[in-house]
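Visitor: Got a structure for you, questions after.
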Amino acid sequence: MMASADIATAAAQAERLAAILDEEFAALRAQDMDAFEALQDRKQSTLEALSALAEVHGQTWADAPEWAPVLAQLQSCHEGHRRNETILRRQLDVVRMALAALTRNDAPDLYDHLAPAATRAQRAAKAYGD
Numbered sequence: 072m073m074a075s076a077d078i079a080t081a082a083a084q085a086e087r088l089a090a091i092l093d094e095e096f097a098a099l100r101a102q103d104m105d106a107f108e109a110l111q112d113r114k115q116s117t118l119e120a121l122s123a124l125a126e127v128h129g130q131t132w133a134d135a136p137e138w139a140p141v142l143a144q145l146q147s148c149h150e151g152h153r154r155n156e157t158i159l160r161r162q163l164d165v166v167r168m169a170l171a172a173l174t175r176n177d178a179p180d181l182y183d184h185l186a187p188a189a190t191r192a193q194r195a196a197k198a199y200g201d
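In terms of our numbering, the sequence shown is residues 72 to 201.
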């Protein structure tokens, strides 16, 4: 049966994606950007394979109960991706702040919950009469 073969393929691809995301997480925690970059081609090809299956089956993924384990694995992958994205963004912020500190004499731009750095700088300039 074609659908069961596709379900098995999708499940295998989702497991592969989960493993790649775990490898990405380990590379990011170790700050090994070479290892992180080396995973991107495998991740992209896995995502393309899953996308091709999704195009073939359309709404069936969401509606048919036999797809539920695949969807659960993909949800887990989504959470893993978000975790990795958060770590990567934090690391990029640290690098930006370090670069700003090295390239200027003033304080590095920071982002807080109130506003982006440029907005805070404008508010500070107004407050101090600059």
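Heads up, the beta-carbon is just placed ideally off N, CA and C, and yes, glycines get one too. As the structure is a computational prediction, the values presented were derived from the model and not from experiment.
Would you mind stating whether Ala98 and Val141 have Cβ atoms separated by less than 8 Å?
Guide: no
Visitor: Is it true that the CB of Thr117 sits closer than 8 Å to the CB of Leu159?
Guide: Taking 8 Å as the Cβ cut-off, Leu159 and Thr117 do not qualify as a contacting pair.
Visitor: Pull up the distance between the alpha-carbon of Ile78 and that of Val166, whole angstroms please.
Guide: About 42 Å.
Visitor: Could you tell me the alpha carbon to alpha carbon distance between Gln102 and Arg175, rounded to whole angstroms?
Guide: Near 25 Å, if we compare the C-alpha coordinates of Arg175 and Gln102.
Visitor: Just mark Leu121 as buried or exposed, buried being the case when its beta carbon has 16 or more other beta carbons within 10 Å.
Guide: buried
Visitor: What's the gap between the Cα of Gly151 and the Cα of Gln130?
Guide: For Gly151 and Gln130, the distance between alpha carbons rounds to 24 Å.
Visitor: Hey, quick one: how far does the alpha helix (DSSP H) through Asp112 stretch, first residue to last?
Guide: Asp112 -> alpha helix (DSSP H) spans 104 to 128.
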